[in-house]
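Colleague: Heads up: the sequence shown runs through residues -33 to -1, 1 to 228, numbered per mature numbering (1 follows the signal peptide of the UniProt record, and there is no 0).
For each residue, glycine too, the CB sits at the ideal point set by N, CA and C.
The structure that follows is given in the form of structure tokens.
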Amino acid sequence: MRISRSRSRLVTVALAALAAVGLTLGTAAPASASAWNDPHWRELRYVALGDSYAAGQASDCTHTASSYPLLLDRLPSVNLVSDVSCAGATTTTVITSQIGAVNRTVSLVTVTVGANDLDVAGLQAVCAVNPASAPCAAAIQARQAQLPALFANLAATYSQIAAASPAATILVTGYAPLVSTGPLYTAEQALNATIQGAVTSVAAAGAHIRYVAVAFTGHTADSPHPWFVLTGPNIFHPTWQGNLAYAAAIASALLAVELGR
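Written out as structure tokens, the structure reads:
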């Protein structure tokens, strides 16, 4: 997907502005978007890991121009040195095929992974048709049973990333819920809670890692103006607006980390 020049300017400004929304430094004072323009920022050598939500599209390992790693690369001081995110990635493939991009020269890593371990796309396909159906309930139950194993796999993945670059900031995103209510929403939030729990566990061991929640409030698939693609090969993946929301949430977390150094 190509981004027009006017939209490109909008993206750059929006990232800096949205990153400052609600950000606090342990007090009630919000950070200013102008903080990104501080000439004393250190260079952040950035590696992106994860699945199609990071790559920006639902097939192969190409990356759309609106993927959140490429949007973050527009921020002053952020230098995307490697984006190895790939559609279909699981915790296993992050370890076997992606983590090699992380080394001690890397200062920022983002990770979006876990949904494919549970085949969340299959869950969404079943439950989007009829969330009250027996097949949807069975699909949710099957995935709930897999959450403890996913927790262990996520924690192992994050720990290996931290070991590859002990000083790096690792920002782990959850998944924006596809719908705003109902059993599918509850199941998706259980996935996010599992991701967040694994992050908390690894952080307790000393890693510089934090969880980044992402929600398309007012823009879920069941809203009048969704930030999800609803047809075609990228169905149930974020639109460019959704990708911008991901980038803004990550930028906000990153700004908090950097200003707190």
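When DSSP labels each residue in this structure, what does Y13 get in the three-state scheme?
Modeller: strand
Colleague: Give me, in chain order, the residues of the same chain whose beta-carbon lies closer than 8 Å to that of I62; leave out the 5 immediate sequence neighbours on both sides.
Modeller: A123, T124 and Q127
Colleague: Scan the segment 165 to 194 and note each continuous beta strand (DSSP E) run of 3 residues or more that stays entirely inside, going in chain order.
Modeller: 176 to 179
Colleague: Would L85 and L117 be called neighbours here (beta carbons separated by less than 8 Å)?
Modeller: yes
Colleague: Quick one: is R110 buried, meaning 16 or more other Cβ sit within 10 Å of its Cβ, or exposed?
Modeller: buried
Colleague: Short check: CB of Y13 to CB of V51, under 8 Å?
Modeller: no
Colleague: Mind checking if H175 is an interface residue toward chain D, Cβ cutoff 8 Å exclusive?
Modeller: The chain inventory of the structure shown lacks chain D, comprising one protein chain alone.
Colleague: Please report the distance separating the alpha-carbon of L197 from that of R9.
Modeller: 40 Å
Colleague: With H, G and I counted as helix, E and B as strand and the rest as coil, what does DSSP make of V45?
Modeller: Strand, per DSSP.
Colleague: For the segment 133 to 141 and the segment 166 to 179, state whether three or more C-beta atom pairs, one from each stretch, are separated by less than 8 Å.
Modeller: yes
Colleague: As a quick exercise: from A88, T58, V48 and C53, pick the residue whose alpha carbon is nearest that of V69.
Modeller: For the options A88, T58, V48 and C53, the alpha carbon positioned closest to that of V69 is the one of V48.
Colleague: Would you please state the rounded distance, in angstroms, between the beta carbons of A129 and V169? I believe it to be under 8 Å.
Modeller: 7 Å
Colleague: To the nearest angstrom, how far is the alpha carbon of A54 from that of G227?
Modeller: C-alpha separation (whole angstroms): 34 Å.
Colleague: Among L221, V224, P200 and S219, which residue has its Cα nearest to the Cα of G23?
Modeller: P200
Colleague: Nearest to V78 by CA position, among A88, Q65, A172 and L145, is which residue?
Modeller: Of the listed residues, the one whose Cα sits closest to V78 is Q65.
Colleague: For L114, which residues in the same chain have their Cβ closer than 7 Å to its Cβ, ignoring the five residues on either side in sequence?
Modeller: A157 and T161
Colleague: Exposed or buried, what is I217 when buried is set at 16 or more other beta-carbons lying within 10 Å of its beta-carbon?
Modeller: buried
Colleague: For V224, which residues in the same chain have their Cβ closer than 6 Å to its Cβ, ignoring the five residues on either side in sequence?
Modeller: Excluding positions up to five away in sequence, the list reads T136.
Colleague: According to DSSP, D50 sits in a beta bridge with which residue or residues?
Modeller: Answer is A15.
Colleague: On the criterion of 16 or more Cβ atoms from any shown chain inside 10 Å, does D18 qualify as buried, or is it exposed?
Modeller: buried
Colleague: For T79, write down the residues that DSSP places opposite it in a beta bridge.
Modeller: G17
Colleague: For a test of the three-state rule: what should DSSP assign to V73, helix, strand or coil?
Modeller: coil
Colleague: Can you tell which of L11, S132, A15 and L16 has its C-alpha closest to the C-alpha of L42?
Modeller: L11
Colleague: DSSP three-state label for Q138, please.
Modeller: The residue you asked about is not Gln; residue 138 is Leu in the sequence shown. If DSSP states are grouped into helix, strand and coil, L138 belongs with the strands.
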